[in-house]
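From first to last, the protein sequence lines stand for chains A and B. Residue numbering for the first sequence follows my numbering, starting at 4 and increasing by one per position. Residue numbering for the second sequence follows my numbering, starting at 4 and increasing by one per position. Even for Gly, the Cβ is constructed at its ideal location relative to N, Cα and C. The structure under discussion appears below in the form of structure tokens.
There are 2 protein chains.
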Amino acid sequence: MSVHLAKGTRDHLPEAMRLRLAVYDKLRHVFEGHGFHALETPAFERIETLMGKYGDEGSKLIFKILKRGKGGETGACDLALRYDLTVPLARVVAMNPGLRMPFKRWQIAPVWRADRPARGRFREFVQCDCDVVGSKSAVADAECLSVASQSLSALGFHQHRLRLNHRVLLHALASTVGAADRETELLVIIDKLDKIGREGVTKELLARDFEAAAVDKVWDVLDAPDAGRDDVLAHMEAQLEGDEVGPAIERLREVVELAKALGVPDEALVIDPTLARGLDYYTGIVYEFALDGVNMGSVGGGGRYDGLVGMFGKRDVPAVGLSLGIERLIVLLEEEGRTIPGASGIDVTVTIVNDAHLEHAARTAAALRAAGLRVELVLEPSKLGKQFKHANAIGSRYVATVGPDEVAAGGIALKNLTSGEQDTLPLDDAIARIRG
Amino acid sequence: MSVHLAKGTRDHLPEAMRLRLAVYDKLRHVFEGHGFHALETPAFERIETLMGKYGDEGSKLIFKILKRGKGGETGACDLALRYDLTVPLARVVAMNPGLRMPFKRWQIAPVWRADRPARGRFREFVQCDCDVVGSKSAVADAECLSVASQSLSALGFHQHRLRLNHRVLLHALASTVGAADRETELLVIIDKLDKIGREGVTKELLARDFEAAAVDKVWDVLDAPDAGRDDVLAHMEAQLEGDEVGPAIERLREVVELAKALGVPDEALVIDPTLARGLDYYTGIVYEFALDGVNMGSVGGGGRYDGLVGMFGKRDVPAVGLSLGIERLIVLLEEEGRTIPGASGIDVTVTIVNDAHLEHAARTAAALRAAGLRVELVLEPSKLGKQFKHANAIGSRYVATVGPDEVAAGGIALKNLTSGEQDTLPLDDAIARIRG
């Protein structure tokens with residue numbers, strides 16, 4: 004009988020899980036350190052909660068669940084698998100009017116999209132979101148940047164950049180170049196700058212009948228000096244027209260200063276006038292995260308989106324958040340063979356010398372476990388060499404043996420599998436050495 | 004616009020999640036301490052992987068996912084949501100012939116069943132399984148009992164019983180009473196003993212035309228002396244017929260001794276001749292866990308099932324495992340208001356005295372976070388009283404304030420929200436005090 008995984012899905016076997024759990028642990032520590040709280044929502048929602056929230060393309064990618072009983076016979080669906088973590092968050096906020104605001108939540112959870120599977124693209128993948136709901140404060144924006152920076156550092160990616168822009172400045176760009184009525188079209192093209200380059204953007208703008216003067220003006224704004232945040236902001240303030248420009252620039256300045264006070268490295272904070280990051284969604288600051296020296300696009304981003312979380316309610320709910328590209332980060336860690344300190348493995352394997360010493364081995368395992376160690380107890384007596392081989396194969400750091408000699412001496416034989424050193428010593432000393 | 008959860012599903016809001024994550028952490032620690040490894044499998048499987056594995060009733064409860072594109076228009080389904088963690092484990096074992104044996108895996112993950120929702124019964128709920136695949140060893144059986152006992156203790160349920168029986172003894176019971184050809188029928192009725200009592204079982208057996216002599220013989224076997232494991236085992240050995248009885252009794256004795264050596268409390272290990280625990284599945288030892296002084300049925304169980312994991316492969320794969328009733332345990336912890344040590348909360352809330360001190364507050368929050376503390380930074384300056392109220396509401400243990408006086412004194416004002424004590428002290432001393 005042949006058996007297969009569902010297309011586009013993966014098992015995470017123990018070795019992969021060790022890294023994955025270590026990553027989750029590190030991120031959770033950062034999120035909790037910032038006063039964010041865990042939220043879990045169901046894997047599936049009522050179909051009407053999800054439909055119409057992700058555009059026409061998104062709707063096609065939603066996994067729909069057949070009705071049970073009679074409805075199902077005609078192919079009717081009433082449920083659908085979660086497509087992201089944001090719509091469920093909006094539903095939670097709408098359904099729980101007593102929720103204490105600001106509501107700061109983190110969630111690391113799988114989502115499902117019926118995308119065409121490709122290298123690195125799966126139909127089940129984990130999203131990792133932090134959002135502050137119910138506050139317009141610049142401190143909230145800055146906290147999100149602090150979470151992002153500390154998260155990347157916690158995974159060992161100390162060299163990273165947080166590129167910042169403000170949705171209002173993009174709006175002002177469209178007005179300034181005389182394309183206020185074609186803002187979305189303009190920004191969609193500018194958003195491709197990373198992929199098609201400056202010439203590609205110019206070509207496409209002209210092809211779409213933007214006037215040459217407007218295109219020149221676009222570059223007047225976007226070709227900001229390379230000289231640092233203050234100069235870039237001053238340049239934008241000088242180039243862009245409109246009453247909203249000043250306050251947006253001021254907001255960016257404020258968020259940058261707060262982020263620095265929160266410990267985000269000065270050099271990590273970059274103003275990038277070309278960062279468009281999606282279109283309809285965001286209303287304030289937007290940001291995207293990148294790793295220095297790594298040939299990979301964004302590893303996360305986010306921004307302020309003051310309309311979205313209120314979608315199911317009557318009230319407007321301000322919100323700002325970030326999403327970490329956790330699957331990309333895990334791939335990077337796997338490819339680079341990086342280890343996460345504290346990723347769990349086996350501390351010590353307890354061997355079984357022979358049937359007569361089964362209970363000695365069991366008692367030794369129990370004592371080592373009581374000390375908080377991760378202990379593999381060999382399940383069947385076999386040649387010791389085979390047991391040592393097993394210990395090596397599972398990545399055990401030590402092997403403990405309690406045979407007749409050790410019982411007589413009242414100790415255990417402990418071998419360090421890295422150094423090869425071996426000693427017979429009392430249990431407490433063995434524990435101390437393994438803890439190391 | 005009104006918005007609802009899918010029927011039978013729940014959100015886990017932050018307070019519930021704090022307990023839930025603490026439970027997961029504790030259990031993971033026990034599982035890793037026993038050398039078990041994490042496994043994650045996809046939420047959905049190919050529909051043919053699941054159909055036919057759970058009986059007619061089970062099949063009706065499987066959530067089916069509509070085909071994308073054309074197939075879906077006619078109601079065809081190609082995928083289905085995971086119904087338990089065992090069939091996916093069997094698939095993983097079949098698909099990964101290189102998996103190192105014995106394969107000891109733990110998994111805490113949601114499963115989905117389209118059951119009629121009721122109090123405490125949901126359509127999405129978490130299962131928590133540990134299994135040892137690829138070993139027939141009695142040590143493996145005993146390790147499962149050690150995992151069960153330590154898991155319950157780790158959650159604060161120190162008083163618990165592990166009721167044990169052996170599938171072969173149940174088989175021998177059917178032969179001994181002359182009902183070998185009606186074994187399943189007999190055991191299904193005996194399995195109801197907990198619910199319908201001794202008289203109910205007798206009545207049902209007679210109603211189903213079991214002979215009176217057979218029913219008497221059933222009670223001769225099951226009415227074991229109340230006098231302890233050895234007597235119960237000796238009683239069963241004396242009463243039951245068949246060559247397999249002796250080795251099964253011997254195996255139970257061996258597993259009990261090993262479990263004791265592994266640290267399972269002597270009084271927790273109980274031989275229960277009436278424990279039938281399912282029917283087709285198990286081939287060796289079976290067990291069920293109960294809490295003393297708690298009016299709730301089983302909080303988990305398991306046993307040896309040497310046929311099941313091989314269902315997708317050609318080879319027989321021995322296996323033994325346990326499943327903890329994690330949702331029941333969480334309900335108990337919630338109802339009893341028990342706290343799990345280390346369940347995360349907010350250590351300290353940093354207030355914002357006024358706009359001029361925003362960055363001082365941010366720097367203070369950053370320093371406290373760098374010390375590993377969980378820090379809520381208030382997002383907007385408001386009256387200090389309101390900020391303290393917020394700190395209380397989120398369960399913060401301390402409040403830290405850095406206003407003009409504190410900046411002048413080079414310290415921070417720290418208030419213990421439990422004792423009400425307040426002090427101005429240097430940052431390092433404040434950190435030491437909060438760490439406590």
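### Task
Go ahead and pull the three-state DSSP assignment for residue 164 (chain A).
Here residue 164 (chain A) corresponds to residue number 161 of the first sequence, with the count starting at 1. Correct three-state label for residue 164 (chain A): strand.
### Query
Which first and last residues belong to the beta strand (DSSP E) in which residue 395 (chain B) is found?
Walking along the second sequence from the start, residue 395 (chain B) turns up at place 392. Per DSSP, residue 395 (chain B) belongs to no beta strand (DSSP E); it is in the alpha helix (DSSP H), 387–396.
#### Entry: Minimum length 3: unbroken beta strand (DSSP E) runs contained in the segment 228–282 of chain B
272–274
### Query
Are any of the Cβ atoms in chain B nearer than 8 angstroms to that of residue 111 (chain A)?
Here residue 111 (chain A) is taken as the residue at index 108 of the first sequence, counted from 1. No, its Cβ sits nowhere closer than 8 angstroms to a Cβ of chain B.
#### Entry: chain B contact for residue 56 (chain A) (CB, 8 angstroms cutoff)
The residue given as residue 56 (chain A) occupies position 53 in the first sequence. Closer than 8 angstroms: no.
#### Entry: Own chain, CB closer than 6 angstroms to residue 384 (chain A), minus 5 neighbours either side, in chain order
Residue numbering aside, residue 384 (chain A) sits at position 381 when the first sequence is read from its first letter. Excluding positions up to five away in sequence, the list reads 355, 357 and 358.
### Query
Are residue 48 (chain A) and residue 362 (chain B) closer than 8 angstroms when you measure CB to CB?
Taking the first sequence and counting its residues from 1, the one referred to as residue 48 (chain A) is at position 45. Taking the second sequence and counting its residues from 1, the one referred to as residue 362 (chain B) is at position 359. No. Outside cutoff.
### Message
Three or more C-beta pairs under 8 angstroms: does that hold for the segment 173–187 of chain B against the segment 51–58 of chain B?
### Response
no
### Message
DSSP three-state label for residue 455 (chain B), please.
### Response
The first residue shown for chain B is 4 and the last is 439, placing residue 455 (chain B) beyond what the model contains.
### Query
Within 10 angstroms of its Cβ, does residue 29 (chain B) collect 16 or more other Cβ (buried), or is it exposed?
Start at 1 with the first residue of the second sequence, and residue 29 (chain B) comes out as number 26. It counts as buried.
### Query
In chain A, what lies closer than 8 angstroms to residue 349 (chain B) by C-beta?
On the second sequence, position 346 is the one that residue 349 (chain B) refers to. Within 8 angstroms Cβ-Cβ: 38.
### Query
Of all Cβ atoms in chain B, is any one closer than 8 angstroms to the Cβ of residue 67 (chain A)?
Within the first sequence, numbered from 1, the residue matching residue 67 (chain A) stands at position 64. Yes, its Cβ sits closer than 8 angstroms to a Cβ of chain B.
### Task
Look at the Cβ atom of residue 255 (chain B), then the Cβ atom of residue 336 (chain B), and state whether they are nearer than 8 angstroms.
Indexing the second sequence from 1 puts residue 255 (chain B) at position 252. Indexing the second sequence from 1 puts residue 336 (chain B) at position 333. In this structure, residue 336 (chain B) does not lie closer than 8 angstroms to residue 255 (chain B) by Cβ.
### Query
Is there contact here, the segment 321–340 of chain A with the segment 123–142 of chain A, by at least three beta-carbon pairs under 8 angstroms?
yes
### Residue-chain proximity (residue 323 (chain A), chain B), Cβ-Cβ < 8 angstroms
Position 320 of the first sequence, counting from 1, holds the residue named residue 323 (chain A). No, its Cβ sits nowhere closer than 8 angstroms to a Cβ of chain B.
### Query
Under 8 angstroms between the Cβ atoms of residue 9 (chain A) and residue 91 (chain B)?
Against the first sequence, residue 9 (chain A) aligns to sequence position 6. Against the second sequence, residue 91 (chain B) aligns to sequence position 88. No.
### Task
Using only alpha-carbon positions, find the residue among A:113, A:142 and A:73 that is nearest to residue 85 (chain A).
Within the first sequence, the letter at position 82 stands for residue 85 (chain A). When only C-alpha atoms are compared, the closest one is A:113.
### Query
What do you get for residue 214 (chain B), buried or exposed, if any count of 16 or more other CB atoms within 10 angstroms of its CB means buried?
Locating residue 214 (chain B) in the second sequence gives position 211, counting from the first residue. Result: exposed.
### Query
Which residues mark the beginning and the end of the alpha helix (DSSP H) in which residue 403 (chain B) is found?
Stepping through the second sequence from its first residue, residue 403 (chain B) is reached at position 400. Looking at the DSSP string, residue 403 (chain B) is not in any alpha helix (DSSP H); the run it does join, the beta strand (DSSP E), is 401–404.
### Query
With contact counted as at least three CB pairs below 8 angstroms, one residue from each stretch, are the segment 289–308 of chain B and the segment 184–195 of chain B in contact?
no
### residue 59 (chain B) - containing alpha helix (DSSP H), residue span
Mapped onto the second sequence, residue 59 (chain B) falls at position 56. Note, residue 59 (chain B): alpha helix (DSSP H), 58–63.
### Task
Check each residue of the segment 112–134 of chain B: if its Cβ is closer than 8 angstroms to any Cβ of chain A, include it; give the result in chain order.
113, 115, 117 and 127
### Task
Have a look at A:415, A:248, A:99 and A:172 and flag the residue whose alpha-carbon is nearest the alpha-carbon of residue 434 (chain A).
Against the first sequence, residue 434 (chain A) aligns to sequence position 431. For residue 434 (chain A), the nearest C-alpha among the options comes from A:415.
#### Entry: Integer-rounded CB distance, given that residue 396 (chain A) should sit under 8 angstroms from residue 103 (chain B)
For this step, residue 103 (chain B) is matched to residue 100 along the second sequence. For this step, residue 396 (chain A) is matched to residue 393 along the first sequence. Right, their Cβ atoms sit about 6 angstroms apart.
### Task
List the residues of chain A whose Cβ lies closer than 8 angstroms to the Cβ of residue 232 (chain B), in chain order.
Residue numbering aside, residue 232 (chain B) sits at position 229 when the second sequence is read from its first letter. Neighbours of residue 232 (chain B) on chain A: none; closest Cβ ~16 angstroms, over 8 angstroms.
### Query
Comparing alpha-carbon positions, which option in B:201, B:251 and B:94 lies nearest residue 171 (chain B)?
Here residue 171 (chain B) is taken as the residue at index 168 of the second sequence, counted from 1. The residue with the shortest Cα to Cα distance from residue 171 (chain B) is B:251.
### Message
With the cut-off set at 8 angstroms, would you say residue 138 (chain A) and residue 382 (chain B) are in Cβ contact?
### Response
Locating residue 138 (chain A) in the first sequence gives position 135, counting from the first residue. Locating residue 382 (chain B) in the second sequence gives position 379, counting from the first residue. Contact: yes.
### Task
Name the two residues that bound the continuous beta strand (DSSP E) containing residue 349 (chain B).
For the purposes of this step, residue 349 (chain B) is taken as the residue at position 346 of the second sequence. Segment: none, residue 349 (chain B) is in no beta strand (DSSP E) and carries neither H nor E.
### Task
Say whether the segment 33–45 of chain A touches the segment 5–20 of chain B, bearing in mind that this needs 3 or more beta-carbon pairs closer than 8 angstroms, one atom from each stretch.
yes
### Query
To the nearest angstrom, how far is it from the Cα of residue 264 (chain A) to the Cα of residue 299 (chain A)?
Indexing the first sequence from 1 puts residue 264 (chain A) at position 261. Indexing the first sequence from 1 puts residue 299 (chain A) at position 296. Each residue's Cα considered, the two are about 29 angstroms apart.
### Query
Rounded to a whole number of angstroms, what is the C-alpha to C-alpha distance between residue 76 (chain B) and residue 50 (chain A)?
In the second sequence, residue 76 (chain B) corresponds to position 73, counting from 1. In the first sequence, residue 50 (chain A) corresponds to position 47, counting from 1. Residue 76 (chain B) and residue 50 (chain A): Cα-Cα distance of roughly 16 angstroms.
### Query
What in chain D is Cβ-close to residue 143 (chain A), meaning under 8 angstroms?
No chain D appears in this structure, whose protein chains are A and B.
### Query
Can you tell which of B:229, B:164, B:231 and B:364 has the C-alpha that lies nearest to the C-alpha of residue 267 (chain B)?
Looking up residue 267 (chain B) in the second sequence gives position 264. If we check each option's Cα against that of residue 267 (chain B), B:164 comes out closest.
### Classification of residue 199 (chain A) by the beta-carbon crowding that lies within 10 angstroms, buried from 16 upward
Here residue 199 (chain A) refers to the residue found at position 196 when the first sequence is read from its first residue. With fewer than 16 other Cβ atoms within 10 Å, it is exposed.
### Message
Let's test the definition: count the other Cβ atoms within 10 Å of the Cβ of residue 364 (chain B) and tell me whether it reaches 16, buried, or not, exposed.
### Response
Sequence index remark: in the second sequence, residue 364 (chain B) carries index 361 (1-based). So residue 364 (chain B) counts as buried.
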